[in-house]
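**Student:** Just so you know, we're using the UniProt record's numbering here: the sequence shown kicks off at 1 and counts up by one.
Below is one structure. I have some questions about it.
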Amino acid sequence: MWGQVATSLVKQDNLSVTLACKLFDHHRQSFYQLKSDIEKDIANERRVLESVCEIRAEDPGIGAYKLWLMMRNIYGYEAVMGRDRFYVLLRRHKLMLPPPKVRHTTNSNHRYHKWKNLIKGISLNSANELWVADITYIWTAQGVCYLHLITDAYSHKIIGWVLTDTLKAAMSIEALQQAIDQAVQSTGNSCLKGLIHHSDRGVQYCCDAYVEVLKIVWYIHLYDRRLQAHR
1 MWGQVATSLV KQDNLSVTLA CKLFDHHRQS FYQLKSDIEK DIANERRVLE
51 SVCEIRAEDP GIGAYKLWLM MRNIYGYEAV MGRDRFYVLL RRHKLMLPPP
101 KVRHTTNSNH RYHKWKNLIK GISLNSANEL WVADITYIWT AQGVCYLHLI
151 TDAYSHKIIG WVLTDTLKAA MSIEALQQAI DQAVQSTGNS CLKGLIHHSD
201 RGVQYCCDAY VEVLKIVWYI HLYDRRLQAH R
């Protein structure tokens with residue numbers, strides 16, 4: 001702070017550097033060192049901004065945190081400012097990306113039957129007792145993608161997945177079929193009767209096409225309680 005005031009006195013009030021420094025109990029050397037540091041910071045900021053603009057030209061969707069890591073990798077940890085200051089720099093030059101819009105992957109307002117929840121208090125002893133179906137979104141430089149997942153609740157392994165740009169039930173069915181094929185191959189049994197399928201009751205999991213796949217593999221009636229495994 002003292003350096004900024006001293007610089008202002010020297011430039012605007014034609015005060016000598018020596019006298020300006022004495023007002024703040026500093027030596028001339030401190031003034032020139034501070035001036036040199038400021039010039040280095042300005043040059044460093046300019047260099048970082050140029051690199052950021054070049055990277056953004058190639059990848060407009062890249063975020064601030066990843067850019068900060070890249071700058072540190074390119075110029076070294078000592079040469080690049082801290083993360084918060086880097087964010088301030090980007091914000092000052094309007095280079096911060098707008099916050100992503102909230103994406104909803106669940107549509108529970110549909111005409112299909114919504115199954116009851118059977119997993120409260122359930123105790124698992126092995127794999128293929130409870131599968132959890134879900135959809136999550138992932139932001140990329142090209143936009144948003146949707147990851148359709150089937151996870152085994154006991155092993156916590158992802159046993160079926162599809163990455164796509166759509167929320168269509170066909171993608172959830174494809175992930176389910178992957179999980180089924182893997183389970184059949186590992187168990188040697190094409191009948192998975194007794195396995196509980198759990199989801200958020202979104203339209204993808206309650207639609208006729210999805211339920212038909214479950215019925216075929218489980219060999220059970222649509223209203224068998226073992227199929228009624230939704231939140």
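By construction, the Cβ of each residue, glycine as well, lies at the ideal position given by its N, Cα and C atoms.
No experiment lies behind these values; they were computed from the predicted model shown.
Nearest CA to the CA of residue 52: which residue from 215, 66 and 138?
**Tutor:** For this step, residue 52 is matched to residue 52 along the sequence shown. Checking every option, the nearest Cα to that of residue 52 belongs to 66.
**Student:** When burial is assigned at 16 or more other CB atoms within 10 Å of the CB, is residue 172 buried or exposed?
**Tutor:** For this step, residue 172 is matched to residue 172 along the sequence shown. Its Cβ being crowded by 16 or more others within 10 Å, residue 172 is buried.
**Student:** What are the start and end residues of each continuous beta strand (DSSP E) run of 3 or more residues lying completely inside the UniProt domain "Integrase catalytic" (122-231), in chain order?
**Tutor:** Counting whole runs of 3 or more residues, the UniProt domain "Integrase catalytic" (122-231) contains the beta strand (DSSP E) stretches 130-140, 143-152, 158-164 and 196-198.
**Student:** Does DSSP put residue 71 in a helix, in a strand, or in coil?
**Tutor:** For the purposes of this step, residue 71 is taken as residue 71 along the sequence shown, with counting starting at 1. The answer is helix: DSSP assigns residue 71 an H, G or I state.
**Student:** Which two residues bound the contiguous alpha helix (DSSP H) that contains residue 95?
**Tutor:** The sequence position of residue 95 within the sequence shown is 95, counting from 1. Careful: residue 95 lies outside any alpha helix (DSSP H) and carries neither H nor E.
**Student:** Helix, strand or coil: which one does DSSP assign to residue 59?
**Tutor:** Here residue 59 corresponds to residue number 59 of the sequence shown, with the count starting at 1. Three-state result, residue 59: coil.
**Student:** To the nearest angstrom, report how far apart residue 192 and residue 178 are at their CA atoms.
**Tutor:** To locate residue 192, count along the sequence shown from 1; it is residue 192. To locate residue 178, count along the sequence shown from 1; it is residue 178. Cα-Cα distance, rounded: 14 Å.
**Student:** Whole angstroms are fine: how far does the CA of residue 205 sit from the CA of residue 161?
**Tutor:** Reading the sequence shown from its first residue, position 161 is the one you call residue 161. Reading the sequence shown from its first residue, position 205 is the one you call residue 205. Answer to the nearest angstrom: the Cα atoms are 14 Å apart.
**Student:** My understanding is that residue 145 touches residue 167, with C-beta atoms under 8 Å, so please give their C-beta distance in whole angstroms.
**Tutor:** Position 145 of the sequence shown, counted from the first residue, corresponds to residue 145. Position 167 of the sequence shown, counted from the first residue, corresponds to residue 167. Their Cβ separation, rounded to whole angstroms, is 11 Å, which puts residue 145 and residue 167 out of contact at 8 Å.
**Student:** Is the beta carbon of residue 153 sitting closer than 8 Å to the one on residue 176?
**Tutor:** Here residue 153 corresponds to residue number 153 of the sequence shown, with the count starting at 1. Here residue 176 corresponds to residue number 176 of the sequence shown, with the count starting at 1. No.
**Student:** Do you know offhand how far residue 69's Cα is from residue 199's?
**Tutor:** As a position in the sequence shown, residue 69 is number 69, starting the count at 1. As a position in the sequence shown, residue 199 is number 199, starting the count at 1. Going by the C-alpha atoms only, they are around 37 Å apart.
**Student:** Where does residue 77 sit, in a helix, a strand or coil, going by DSSP?
**Tutor:** Position 77 of the sequence shown, counted from the start, is the residue given in the question as residue 77. In the structure shown, residue 77 sits in coil (DSSP, three-state: anything other than H, G, I, E or B).
**Student:** By how many angstroms is the C-alpha of residue 88 removed from the C-alpha of residue 43?
**Tutor:** If you number the sequence shown from 1, residue 43 lands on position 43. If you number the sequence shown from 1, residue 88 lands on position 88. Those two C-alpha atoms are separated by around 16 Å.
**Student:** How would you label residue 202, buried or exposed, when you count the other beta carbons within 10 angstroms and need 16 or more for buried?
**Tutor:** Locating residue 202 in the sequence shown gives position 202, where the first residue counts as 1. Answer is buried; the Cβ neighbour count reaches 16.
**Student:** Rounding to the nearest angstrom, what Cα-Cα distance links residue 128 and residue 139 in this structure?
**Tutor:** Here residue 128 refers to the residue found at position 128 when the sequence shown is read from its first residue. Here residue 139 refers to the residue found at position 139 when the sequence shown is read from its first residue. Distance between the alpha carbons of residue 128 and residue 139: 31 Å.
**Student:** Could you give the DSSP three-state label for residue 40: helix, strand or coil?
**Tutor:** Position 40 of the sequence shown holds residue 40. Helix at residue 40.
**Student:** Would you say residue 96 and residue 64 are within 8 Å of each other, going by their C-beta atoms?
**Tutor:** Counted from its first residue, the sequence shown places residue 96 at position 96. Counted from its first residue, the sequence shown places residue 64 at position 64. In contact: residue 96 and residue 64 (Cβ atoms closer than 8 Å).
**Student:** On a CA-only basis, which of 41, 151 and 165 is nearest residue 182? Give me that one, please.
**Tutor:** The residue labelled residue 182 in the question sits at position 182 within the sequence shown. Nearest C-alpha to residue 182: 151.
**Student:** On the criterion of 16 or more Cβ atoms from any shown chain inside 10 Å, does residue 210 qualify as buried, or is it exposed?
**Tutor:** Along the sequence shown, one-based indexing puts residue 210 at 210. Buried, since its Cβ has 16 or more Cβ neighbours within 10 Å.
**Student:** Could you tell me the distance, in whole angstroms, from the CA atom of residue 185 to the CA atom of residue 169?
**Tutor:** For the purposes of this step, residue 185 is identified with residue 185 of the sequence shown, where counting begins at 1. For the purposes of this step, residue 169 is identified with residue 169 of the sequence shown, where counting begins at 1. Spanning the two alpha carbons is a distance of roughly 24 Å.
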